[in-house]
Amino acid sequence: MFLFQLPEVVLYHIMSYLEYKSLSRLSQVCKTIYHFANRDAVWRKIAKELINTGITRQGADVYPHIPLKDRVKVSQNWCHGICRKEVMLKWRINLLPWIQLDGDVLYLSQAADIGAYHLRPDTGKLQRSPMALFSGHLEDVCRFAVTDTHLVSGGSDGKILVHHRRNGFSMEYSGHNQEVNCLDCRGGLIVSGSRDRTARIWTLSSNCPRDTIPMNDRVWSVAISPTQSSFVTGTACCANFSPLRIWDVERCELLCCLGSEFRRGAGVLDIVYESPVQLLTCGYDTYIRSWDLRLSPRKCVMEWEEPHDSALYCIQTDGNHMIASGSSYYGVIRTWDKRQTRCLEMFQLSSANCQRGRCCNLLQRQPAEFCLTIQHEGKPREFFQNSEECFRKQCLDSGKGTIENETQFTIGLP
Numbered sequence: 001m002f003l004f005q006l007p008e009v010v011l012y013h014i015m016s017y018l019e020y021k022s023l024s025r026l027s028q029v030c031k032t033i034y035h036f037a038n039r040d041a042v043w044r045k046i047a048k049e050l051i052n053t054g055i056t057r058q059g060a061d062v063y064p065h066i067p068l069k070d071r072v073k074v075s076q077n078w079c080h081g082i083c084r085k086e087v088m089l090k091w092r093i094n095l096l097p098w099i100q101l102d103g104d105v106l107y108l109s110q111a112a113d114i115g116a117y118h119l120r121p122d123t124g125k126l127q128r129s130p131m132a133l134f135s136g137h138l139e140d141v142c143r144f145a146v147t148d149t150h151l152v153s154g155g156s157d158g159k160i161l162v163h164h165r166r167n168g169f170s171m172e173y174s175g176h177n178q179e180v181n182c183l184d185c186r187g188g189l190i191v192s193g194s195r196d197r198t199a200r201i202w203t204l205s206s207n208c209p210r211d212t213i214p215m216n217d218r219v220w221s222v223a224i225s226p227t228q229s230s231f232v233t234g235t236a237c238c239a240n241f242s243p244l245r246i247w248d249v250e251r252c253e254l255l256c257c258l259g260s261e262f263r264r265g266a267g268v269l270d271i272v273y274e275s276p277v278q279l280l281t282c283g284y285d286t287y288i289r290s291w292d293l294r295l296s297p298r299k300c301v302m303e304w305e306e307p308h309d310s311a312l313y314c315i316q317t318d319g320n321h322m323i324a325s326g327s328s329y330y331g332v333i334r335t336w337d338k339r340q341t342r343c344l345e346m347f348q349l350s351s352a353n354c355q356r357g358r359c360c361n362l363l364q365r366q367p368a369e370f371c372l373t374i375q376h377e378g379k380p381r382e383f384f385q386n387s388e389e390c391f392r393k394q395c396l397d398s399g400k401g402t403i404e405n406e407t408q409f410t411i412g413l414p
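Taking UniProt numbering, the leading residue of the sequence shown gets 1, the next gets one more, and so forth.
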């Protein structure tokens, strides 16, 4: 009996023992085996153990429209740092933009405006001019968040603006007394943090704050729980040595403080929820920390240290094993496997003129797609990691740089 004559159940069982290289070789035996081995069910077990494949820790497939075999190829590129670079966008003013990728639209702040750029599915390149422009701030946009229906932005002028993505209608909120450093928006709920040492809760139905919480310290980061029953604030850790605090949304009461014995100045710059009970944090103390709210809040369950002692400005996760981080010096991006203590790969700006850099944003919206912003004194780079040029766009970075007074938005593809 030939191999391809075996019952499908037996074939599945045999292939479940193979790792991805052996499975790829087996698929070259004949057309029958090739078509069978290309099924997602064959690759699911392998994909769950690799990084950034769109398979969550619970086993759910986030991107079922993309073949798992192709996503495994992309995962290997992430593991081995395989990429090439392309210039995506240019502008002549030195800017430090915040960016967010939502489907095939890239939202990018430029000074006081936010532009929406269409990402072409055929070439993976951005349109040169924005398809929409969101304005209203008097000073630079510090942070914005994109939902299905709205774009919410906070600026250095202390304002919070809510833009409707489809009809262009905008509403101005009273905001804060000083610059809005951070905000998050989920299901009609908005939480903002400011340099004025307060966190405020808003709703989309009113332009007045529902509640104001005094923080006694500058608020650098906020994140709303997926359940929308609580939110986390990250402060500068200068006046209050408990920079990570969880608050009840309805009562505005402190539920608990995360961690202990933080050093002065160990501010928390980014917070990402992985689930209602699990979250990641990073900041000035150079550590990425994983917290499980079902366990003791005084101790994180895992931590990873930036090897060059650089402050970590942003993190993102694939919902399973991978973390990507952006550090403050030399425009360095690192990818991490949660099962290891050392980073997997490091992406560094190759320009000889680049001496310092600051990464400010790293966001995922598609499989193996990451957006990040870098401020530096040299040539900015954006890295894309892909299995094939025609497969999917994979985005990793934009930046502020100075090359003959021109700022570039660049991307790398394998």
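All C-beta atoms, glycine included, are put in the ideal place defined by N, C-alpha and C. Values in this document were obtained by computation on a predicted structure and should not be read as measured data.
Helix, strand or coil for residue i? Go by DSSP, reduced to three states.
i           : result
residue 3   : helix
residue 111 : coil
residue 13  : helix
residue 32  : helix
residue 287 : strand
residue 265 : coil
Are there 16 or more other CB atoms within 10 angstroms of the CB of residue i, so buried, or fewer, so exposed?
i           : result
residue 309 : exposed
residue 60  : exposed
residue 16  : exposed
residue 254 : exposed
residue 233 : buried
residue 143 : buried
residue 14  : exposed
residue 320 : buried
residue 92  : exposed
residue 339 : exposed
residue 64  : exposed
residue 148 : exposed
residue 97  : buried
residue 295 : exposed
residue 209 : buried
residue 177 : exposed
residue 252 : exposed
residue 6   : exposed
residue 262 : buried
residue 35  : exposed
residue 415 : The structure shown does not extend to residue 415, since the chain is modelled only from 1 to 414, so the question has no answer here.
residue 103 : exposed
Strictly by DSSP, which residues pair up with residue i?
i           : result
residue 273 : 279
residue 185 : 190
residue 200 : 192 and 212
residue 247 : 231 and 254
residue 46  : DSSP, once it has assigned bridges, lists no residue as partnering residue 46.
residue 133 : 115
residue 223 : 232
residue 206 : 203
When you compare each of the options to residue i by their alpha carbons, which one comes out closest?
i           : options               : result
residue 121 : 105, 135 and 128      : 105
residue 242 : 185, 318, 252 and 260 : 260
residue 427 : 328, 24, 238 and 335  : Limits of the chain in this structure are 1 at one end and 414 at the other, which puts residue 427 out of reach.
residue 152 : 180, 10 and 7         : 180
residue 236 : 249, 168 and 244      : 244
residue 87  : 63, 116 and 125       : 125
residue 114 : 139, 200, 103 and 123 : 139
residue 38  : 194, 302 and 25       : 25
residue 228 : 345, 3, 256 and 188   : 188
residue 342 : 323, 18 and 28        : 323
residue 298 : 252, 274, 319 and 246 : 246
residue 272 : 249, 72, 311 and 225  : 225
residue 45  : 69, 266, 98 and 35    : 69
residue 313 : 136, 290, 162 and 269 : 269
residue 171 : 207, 283, 127 and 347 : 207
residue 330 : 347, 107 and 315      : 347
residue 317 : 311, 281, 251 and 292 : 281
residue 94  : 337, 51, 110 and 184  : 110
residue 301 : 218, 289 and 118      : 289
residue 215 : 107, 223, 145 and 195 : 195
residue 131 : 107, 123 and 146      : 107
residue 77  : 56, 29, 162 and 50    : 50
residue 223 : 3, 336, 315 and 306   : 315
residue 20  : 3, 184, 62 and 74     : 74
Using 7 Å as the limit for Cβ to Cβ distance, is residue i near chain B?
i           : result
residue 326 : Reference to chain B is not applicable here, since this structure consists of a single protein chain.
Any chance the CB of residue i is under 6 Å from a heavy atom of the ligand SAH?
i           : result
residue 319 : As for the ligand SAH, it is missing from this structure, which has no ligand bound.
Practice item. Just list the beta strand (DSSP E) runs in the segment 49 to 126, keeping only unbroken ones of 3 residues or longer that don't cross its boundaries, in chain order. Key: Qualifying beta strand (DSSP E) stretches, in chain order: 84 to 91, 99 to 102, 105 to 110 and 113 to 118.
Exercise for review: Please go through the segment 289 to 348 and give each complete beta strand (DSSP E) segment of 3 or more residues, from N-terminal end onward.
Suggested key: Here the runs fully enclosed are 302 to 305, 312 to 317, 322 to 327, 333 to 337 and 343 to 347.
Point to revise | beta strand (DSSP E) runs wholly inside the segment 136 to 172, at least 3 long, in chain order | key: Runs of the beta strand (DSSP E) lying entirely within the segment 136 to 172 and spanning at least 3 residues, in chain order: 141 to 146, 150 to 155 and 160 to 164.
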